[in-house]
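Asker: Under the UniProt record's numbering, the residues of the sequence shown are numbered 1 to 601, in order.
A single structure is presented below for examination.
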Amino acid sequence: MSHLTPVAPLENDISSYERDQTRRNPDRPRLNPYARPGTAGGASRTPSVWSKAGTDYKDDINDEKDGEAGPSGLTSPDNGSEVFPQGQENQLGRVVGGKYRESVEEKGKHSEYGPLLEVDIDMPLTLGTLVTKNDKEYIVLEFAEGDPQNPYNWNKWYKRAITTILNLMTLFIGLATTAYSSGIGRMVADLHTSKEIGQLGLFTFNMTCAIAPMVLAPFCEMVGRKIVYSSAYLCFSLCFIGLALGQNIATILVMRTLLGLFGCVGTILVGGTFDDMYRPQDRGRPMALFTFVAIFGTVAAPIYAGFIDETIGWRWIEGIQGLANIPLLVVVFLFFPETRGGVALHKRAQKLRKATGDERYVAGDDINTPDIQTLLKASSVKAIHMLVTEPVVFAFGCWIAFCWAVVFLFLSVIPITFETKRGWSEGLAGLPYIALALGTTLGYLAHHVQRAKYQKLIRDPERTPRPESRLYGSMAGGVFMPLGLFIYSFTQYGSLDWVGPCVGLVCIAFGIFFIFDATYSYTADCYGPNASSAIAGQGLMRNALGAVTPLFASQFFTNVGSQYAGLILALFGTGLSLIPFVMFRYGHVLRARSKLARTWE
1 MSHLTPVAPL ENDISSYERD QTRRNPDRPR LNPYARPGTA GGASRTPSVW
51 SKAGTDYKDD INDEKDGEAG PSGLTSPDNG SEVFPQGQEN QLGRVVGGKY
101 RESVEEKGKH SEYGPLLEVD IDMPLTLGTL VTKNDKEYIV LEFAEGDPQN
151 PYNWNKWYKR AITTILNLMT LFIGLATTAY SSGIGRMVAD LHTSKEIGQL
201 GLFTFNMTCA IAPMVLAPFC EMVGRKIVYS SAYLCFSLCF IGLALGQNIA
251 TILVMRTLLG LFGCVGTILV GGTFDDMYRP QDRGRPMALF TFVAIFGTVA
301 APIYAGFIDE TIGWRWIEGI QGLANIPLLV VVFLFFPETR GGVALHKRAQ
351 KLRKATGDER YVAGDDINTP DIQTLLKASS VKAIHMLVTE PVVFAFGCWI
401 AFCWAVVFLF LSVIPITFET KRGWSEGLAG LPYIALALGT TLGYLAHHVQ
451 RAKYQKLIRD PERTPRPESR LYGSMAGGVF MPLGLFIYSF TQYGSLDWVG
501 PCVGLVCIAF GIFFIFDATY SYTADCYGPN ASSAIAGQGL MRNALGAVTP
551 LFASQFFTNV GSQYAGLILA LFGTGLSLIP FVMFRYGHVL RARSKLARTW
601 E
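What follows is the structure, given as structure tokens:
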């Protein structure tokens, strides 16, 4: 899937500012490093009342502690005490109401999180923290421990069901990326245009996936998950109608552009959705599965698309894919939940403002969301800046961009090898893509060795895993990608058995999985809060190169010669496979020189 932009898990992340606050005030409850931003025990979402982004919130908090800013006081009908007393150093409180009072009475009403306010409406136990921003007071609501509406506390099988829906959506979007290529020949003949013009459909899809996330990601974060997933996937599914019925190449290219636009919007949020539901130490497995599904869908589409084109025509490639999306679309609309905990807190704040008349109640996202200009700058300008100034981001960006270019080059190479040189039919020539799918599957299974080693490092109390611990898998598995290119280059002759190039394809896909996995996890560990921008920059490079390669793939392999073109790619891949070894040895030096990298003590 050309728009794969996951955010890898971040283990053991406790901010230096939190440690500083704990030293200043030992009685202040510590933030839980494994709590999702915006939840109880976790830092508020960036920019946060506990962060340094945007406004100097440390000064605001210290002013409150010194008594320079204080609330008017909120009285609990239970005991008459002030829930948020003026000048109190540790200004925390709790709210509960209706049917949820009994659970609090069973546990006792006294807590380190402050006194209790009881209200007449149904309100689960909710924590409140008094903050001052722009000379205005707010009571910021957070989830209490064990709150069932906190996505972290959802049933594990419910989380797995949501993860399955996301992966199925990712699979269908990935299949749509490359299934189109199998029907280009007959499509351009029917529409009386050239094959080069037909290849623009791959270009427009991938280039949209490269550029659109830089602009759309901030808007997607502002409106919530469910509405974006459902509306974008609906529009994505409707685009297949235009692709199946289009009577000219202009219609096809416009529909492919829109298909890329709506396809990438839905999956921009996958990493954030996993962040909503899974604690960092639990996020590795679903992210690895997401990576596998995205790559698998992209390489597997020609397996069936060639047979469809050969038997019932290129229009049915699009028509069948559109019909296949309908059941999942219904599931998304009916059963997919809103996973952002901030949405639930926002609704609670609305109820409390109405019930108490106190307008200070807000969710963290209500007051901490930056303006759209700041968000756009973070998602685009900062991403490009990190890509060109950070050696780690650039090096791994080049590596995955090369891998994605190889994937789209082979959409043209495999037909040359098996149709032109061996005389296979169009349908049979799609079967070698099974080798790419098999290699991706083997890579995912072998990834568990890397994961087990990393988990062992985490459990060892005497050792602190560094980002370089993420690179073991890519050092061993990444070399399979150039090895596969060498094998493919020298076994693609028509006089040789078909097994040779298929073995090469398995090795290529096996290596690509490890390269993607290492890129995202290592980049995320290196840059922490800045990882999203770093990965967005890498995604821009990857999708842009994936967009242009189909435009010259056939000419490159025809004019240079299939074996020599493959050899050139293999040599490039060999050079790039040194990246994890260099980073394993010198990564700590590069991180020390960077102003944006995390500090590992």
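The beta carbon of each residue, even a glycine, is placed where N, CA and C say it ideally should be.
Remember, predicted model here, so these are calculated numbers, not experimental data.
Taking the CB atoms as reference points, tell me whether Met287 and Leu471 lie closer together than 9 Å.
Answerer: No, Cβ-Cβ distance for Met287 and Leu471 is not below 9 Å.
Asker: Just how far apart, CA to CA, sit Tyr158 and Ser521?
Answerer: Distance between the alpha carbons of Tyr158 and Ser521: 25 Å.
Asker: Helix, strand or coil for Ile121, going by three-state DSSP, please let me know.
Answerer: Coil.
Asker: Counting pairs of Cβ atoms below 8 Å between the region 504-511 and the region 546-562, do you hit three or more?
Answerer: Output reads no: the region 546-562 does not touch the region 504-511.
Asker: If we count Cβ pairs, one from each stretch, closer than 8 Å, do we get three or more for the region 395-402 versus the region 144-163?
Answerer: At 8 Å Cβ cutoff, the stretches do not touch.
Asker: Nearest-angstrom Cα distance between Val95 and Asp282?
Answerer: If you take the alpha carbons of Val95 and Asp282, they lie about 30 Å apart.
Asker: I need the DSSP call for Arg30, collapsed to helix, strand or coil.
Answerer: The pLDDT assigned to Arg30 is 36, lower than 50, so where the model puts this residue is not dependable, and the model offers no usable value.
Asker: By the 10 Å Cβ neighbour count, where 16 or more other Cβ atoms means buried, how is Thr558 classified, buried or exposed?
Answerer: So Thr558 counts as exposed.
Asker: So for Tyr488, helix, strand or coil by DSSP?
Answerer: Tyr488 falls in the helix class under three-state DSSP.
Asker: From Asn325 to Lys226, what does the alpha carbon distance come to, in whole angstroms?
Answerer: Approximately 17 Å between the Cα atoms of the pair.
Asker: Cβ of Met481 versus every heavy atom of the ligand SAM: is any distance shorter than 8 Å?
Answerer: Absence of the ligand SAM from the depicted structure is noted, as is the absence of any ligand whatsoever, leaving it without description.
Asker: Using only the alpha-carbon positions, how far apart do residue 608 and Gly342 sit?
Answerer: Lying before the first or after the last residue shown, residue 608 is absent from the chain, which here runs from 1 to 601.
Asker: Enumerated in chain order, which unbroken segments of the alpha helix (DSSP H) with a length of 4 residues or greater are wholly contained in the region 573-597?
Answerer: 579-593, all fully within the region 573-597.
Asker: If we ignore side chains and look at the alpha-carbon of each, how far apart do Ala437 and Glu142 end up?
Answerer: Looking at the two C-alpha atoms, the distance is approximately 44 Å.
Asker: Quick one: what does DSSP say Lys136 is sitting in, helix, strand or coil?
Answerer: Strand.
Asker: If we count the other Cβ atoms within 10 Å of its Cβ and call it buried at 16 or more, is Leu409 buried or exposed?
Answerer: Per the 10 Å Cβ criterion, buried.
Asker: Cutting at 7 Å between CB atoms, please list the residues of its own chain near Leu571, excluding the five before and the five after it.
Answerer: Around Leu571: no qualifying Cβ.
Asker: With a cut-off of 8 Å, do at least 3 Cβ pairs link the region 368-382 to the region 143-154?
Answerer: No, the region 368-382 is not in contact with the region 143-154.
Asker: Find out if the Cβ-Cβ distance for the pair Cys239, Gly322 is shorter than 9 Å.
Answerer: For Cys239 and Gly322, yes; Cβs fall inside 9 Å.
Asker: Apply the 10 Å Cβ neighbour rule to Val215 and answer buried if 16 or more other Cβ atoms are within range, or exposed otherwise.
Answerer: Exposed.
Asker: For Gly575, which option in Leu483, Ala383, Gly561 has the closest C-alpha, if you only look at C-alpha atoms?
Answerer: Comparing Cα positions, the closest option is Leu483.
Asker: Which first and last residues belong to the beta strand (DSSP E) in which Leu92 is found?
Answerer: Start and end: 92-97.
Asker: I'd like the span of the alpha helix (DSSP H) that includes Ala349, first residue to last.
Answerer: That run of the alpha helix (DSSP H) goes 341-356.
Asker: Evaluate Ala435 with the Cβ neighbour count: other Cβ atoms within 10 Å of its Cβ, from every protein chain shown; 16 or more gives buried, anything less gives exposed.
Answerer: By the neighbour-count rule (16 or more Cβ atoms within 10 Å), Ala435 is buried.
Asker: Taking the alpha helix (DSSP H) that Tyr444 falls in, what are its first and last residues?
Answerer: Per DSSP, Tyr444 belongs to the alpha helix (DSSP H) from 433-459.
Asker: Out of curiosity, what's the CA-to-CA distance linking Ile211 and Gln455?
Answerer: So the alpha carbons of these two residues sit roughly 36 Å apart.
Asker: When the Cα of Thr491 is compared with those of Thr599, Ala531, Ser562, which residue comes out closest?
Answerer: For Thr491, the nearest C-alpha among the options comes from Ser562.
Asker: Whose CA, out of Glu390, Ser237, Asp276, lies closest to the CA of Leu261?
Answerer: Cα-wise, what sits closest to Leu261 is Ser237.
Asker: Rounded to whole angstroms, how far is the Cβ of Pro580 from the Cβ of Pro501, which I believe are closer than 8 Å?
Answerer: Contact doesn't hold; Cβ gap of about 27 Å is too wide.
Asker: Which whole-angstrom value describes the C-beta separation of Val140 and Gly128, a residue pair presumed to lie in contact below a C-beta threshold of 8 Å?
Answerer: That belief holds up - the Cβ atoms of Val140 and Gly128 are roughly 7 Å apart, short of 8 Å.
Asker: Anyone know if the C-beta pair for Gly573 and Met481 falls short of 9 Å?
Answerer: Yes; because the gap between Cβ atoms is below 9 Å, this pair is in contact.
Asker: Below 8 Å, can you find three or more Cβ-Cβ pairs linking the region 591-598 to the region 521-541?
Answerer: The region 591-598 is in contact with the region 521-541.
Asker: May I ask you to list the residues that DSSP assigns as paired with Phe556?
Answerer: Partner(s): none; Phe556 has no beta bridge.
Asker: Take the Cβ of Asp122 as the centre, count every other Cβ of all protein chains shown within 10 Å, and call the residue buried at 16 or more, exposed below.
Answerer: The residue is exposed, with fewer than 16 neighbouring Cβ atoms inside 10 Å.
Asker: So for Thr311, helix, strand or coil by DSSP?
Answerer: Residue state, collapsed to three classes: helix.
Asker: Any contact of the region 297-306 with the region 166-180, i.e. 3+ C-beta pairs under 8 Å?
Answerer: Touching, per the Cβ criterion.
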